[in-house]
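Okay, so here's the structure we're looking at.
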Amino acid sequence: MRAFVAIDLPEIVRDVLEDLQDRIPAGRLLDPDTLHLTLAFLDEQPQDLLEQLHDDLSSIRALPFEVQLRGLGTFGSRAPRVVWAGIETQPALTALHEKVRGAARLAGIELRRERYRPHVTLARLPDRLEPGELEKLRNFLERWQNFPCPPFEVSTFTLFQSILTPDGAIHDPLAEYPL
Numbered sequence: 006m007r008a009f010v011a012i013d014l015p016e017i018v019r020d021v022l023e024d025l026q027d028r029i030p031a032g033r034l035l036d037p038d039t040l041h042l043t044l045a046f047l048d049e050q051p052q053d054l055l056e057q058l059h060d061d062l063s064s065i066r067a068l069p070f071e072v073q074l075r076g077l078g079t080f081g082s083r084a085p086r087v088v089w090a091g092i093e094t095q096p097a098l099t100a101l102h103e104k105v106r107g108a109a110r111l112a113g114i115e116l117r118r119e120r121y122r123p124h125v126t127l128a129r130l131p132d133r134l135e136p137g138e139l140e141k142l143r144n145f146l147e148r149w150q151n152f153p154c155p156p157f158e159v160s161t162f163t164l165f166q167s168i169l170t171p172d173g174a175i176h177d178p179l180a181e182y183p184l
């Protein structure tokens, strides 16, 4: 089962991001209902490991904290592949990310070693953008870099199953964990 652990976004933040998505000049927009802040991508995992992970995630203790979206950017070394909204540095978010990774290791799930760059993916870009599209994308990123978005409180996180379809991923919540 393909799975990940994430923070679900409140409706007001989804609305802001959906309005922002409408301005992105290229790429395939993600369904606003699937927008989330990933804590750990688990990839394909057997059911028994996810059940163990559920037990380990249930034991995580942390206080609720506030998150602020800030800035826009792209991932892709040679050509941009993803458009994202960034997250203001937040020690409590980094600590929760580490606790989730620790729970995954405890459950026997090996995660890729990578630097945690908290973000919300807004769009996926094609392999090649036309020169005009690339310029429009740069202009969009510059113009909307300081998009207004209210901060929101994180009081839960969720274990999701991700089902890939030709129209994009469907995210099915498997369990929610309170902070």
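Residue numbers (the working numbering): 6 to 184. No residue lacks a Cβ here, since even glycine has one placed at the ideal position from N, Cα and C.
Which residues does DSSP list as the beta-bridge partners of residue i?
{"i": "His-124", "result": "Gly-91"}
{"i": "Gly-173", "result": "Thr-170"}
{"i": "Phe-157", "result": "Val-72"}
{"i": "Leu-164", "result": "Val-10 and Ala-180"}
{"i": "Gly-78", "result": "Trp-89"}
{"i": "Leu-42", "result": "Ile-12"}
{"i": "Leu-25", "result": "The partner list for Leu-25 (beta bridge, DSSP) is empty, contrary to what the question assumes."}
{"i": "Leu-34", "result": "Ala-128"}
{"i": "Asp-48", "result": "Ala-8"}
Can you list, in chain order, the residues of its chain whose CB lies under 7 angstroms from that of residue i, leaving out five sequence neighbours each side?
{"i": "Arg-33", "result": "Ala-128 and Arg-129"}
{"i": "Ala-109", "result": "Ala-45, Leu-47, Leu-58 and Leu-116"}
{"i": "Leu-55", "result": "Met-6 and Ala-8"}
{"i": "Leu-40", "result": "Leu-14, Arg-19, Leu-22 and Val-125"}
{"i": "Asp-36", "result": "Gly-173"}
{"i": "Arg-106", "result": "Ala-45 and Leu-116"}
Label residue i either buried or exposed according to how many other C-beta atoms from any shown protein chain fall within 10 Å of its C-beta, with 16 as the threshold for buried.
{"i": "Gln-50", "result": "buried"}
{"i": "Ala-100", "result": "exposed"}
{"i": "Ala-84", "result": "exposed"}
{"i": "Pro-136", "result": "exposed"}
{"i": "Pro-123", "result": "buried"}
{"i": "Leu-42", "result": "buried"}
{"i": "Ile-114", "result": "buried"}
{"i": "Ile-17", "result": "exposed"}
Quick test of your reading: residue i and residue j, contact by CB under 8 angstroms. State the CB separation rounded to the nearest angstrom.
{"i": "Ala-31", "j": "Leu-164", "result": "Not a contact, Cβ separation roughly 32 angstroms."}
{"i": "Phe-152", "j": "Ile-12", "result": "In fact, because the Cβ distance is near 19 angstroms, the residues do not count as touching under 8 angstroms."}
{"i": "Ala-90", "j": "Leu-74", "result": "5 angstroms"}
Kindly list the residues whose CB is nearer than 6 angstroms to the CB of residue i, restricted to its own chain and excluding five residues on each side of it in sequence; keep chain order.
{"i": "Gln-26", "result": "Leu-34 and Leu-127"}
{"i": "Glu-71", "result": "Pro-156 and Glu-158"}
{"i": "Ile-168", "result": "Ile-175"}
{"i": "Gln-166", "result": "Met-6, Ala-8, Asp-177 and Leu-179"}
Within a Cβ cutoff of 8 angstroms, which residues of the same chain sit near residue i, ignoring the five residues on either side of it in sequence?
{"i": "Ile-29", "result": "Val-88, Leu-127, Ala-128, Leu-142 and Phe-145"}
{"i": "Lys-104", "result": "Ile-65 and Ala-67"}
{"i": "Gln-150", "result": "Gly-76 and Leu-77"}
{"i": "Ile-92", "result": "Leu-42, Val-72, Gln-73, Leu-74, Arg-75, Leu-98, Pro-123, His-124 and Val-125"}
{"i": "His-102", "result": "Leu-44, Ala-45, Tyr-121 and Pro-123"}
Taking contact to mean at least 3 C-beta pairs separated by less than 8 angstroms, is the stretch 136-145 in contact with the stretch 53-67?
No, because fewer than three Cβ pairs between the stretch 136-145 and the stretch 53-67 fall closer than 8 angstroms, the two stretches do not touch.
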